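The numbering of the sequence shown is my numbering, which starts it at 101 and goes up by one.
Note that the Cβ used here is the ideal one computed from N, Cα and C, for glycine as well.
Owing to the predicted nature of the structure, the values given are computational and were not obtained by experimental measurement.
Working notes, beginning with the structure itself.
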Amino acid sequence: MTRAEFLAALEEMLETDAGSLSPDTALDSLDSWDSLAVISFIALVDEHFDHVVAGEDLAKAKTIGDLLALTGADLA
């Protein structure tokens with residue numbers, strides 16, 4: 101999965117417009133970043149990267165870039 105594909109998956113998951121997310125997007129600026137989105141993000145990373153995101157690490161995430169880093173993959 102590329103960075104663009106991951107961002108597109110996040111946009112779909114968060115029900116935001118295509119191309120609206122960037123690594124600098126603050127999570128607290130997204131109305132749809134809620135507990136359901138957190139669970140969906142964890143499932144997305146597990147499914148596509150076979151990586152388990154620790155709750156403590158996810159709680160520290162402030163931006164989409166932080167979420168990208170939590171995938172455990174080098175997304176180009």
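Could you check the C-alpha separation between residue i and residue j for me, to the nearest Å?
i: LEU180; j: LEU127; result: What the structure shows of the chain is the stretch from 101 to 176, and residue 180 is not part of that stretch, so it cannot be assessed.
i: ALA154; j: LEU121; result: 23 Å
i: THR116; j: LEU107; result: 11 Å
i: ASP131; j: ASP174; result: 28 Å
i: ARG103; j: LYS162; result: 18 Å
What I want to know is whether the C-beta of residue i ends up closer than 7 Å to one or more non-hydrogen atoms of the ligand HEM.
i: MET101; result: Absence of the ligand HEM is noted for the structure shown, with no ligands found whatsoever.
Cα-Cα, which of the options is closest to residue i?
i: THR123; options: TRP133, ASP134, ASP166; result: The amino acid at residue 123 is misidentified as Thr; the sequence shows Pro. Checking every option, the nearest Cα to that of PRO123 belongs to ASP166.
i: SER129; options: ALA118, LEU114, PHE141, SER140; result: LEU114
So, is residue i buried or exposed, given that buried needs 16 or more other C-beta atoms within 10 angstroms?
i: VAL152; result: exposed
i: LEU170; result: buried
In this structure, what does DSSP give as the bridge partners for residue i?
i: ALA126; result: THR163
Starting from residue i and walking both ways along the alpha helix (DSSP H), at which residues does that stretch end?
i: ASP146; result: 135 to 149
i: ALA173; result: No alpha helix (DSSP H) holds ALA173; DSSP gives it neither H nor E.
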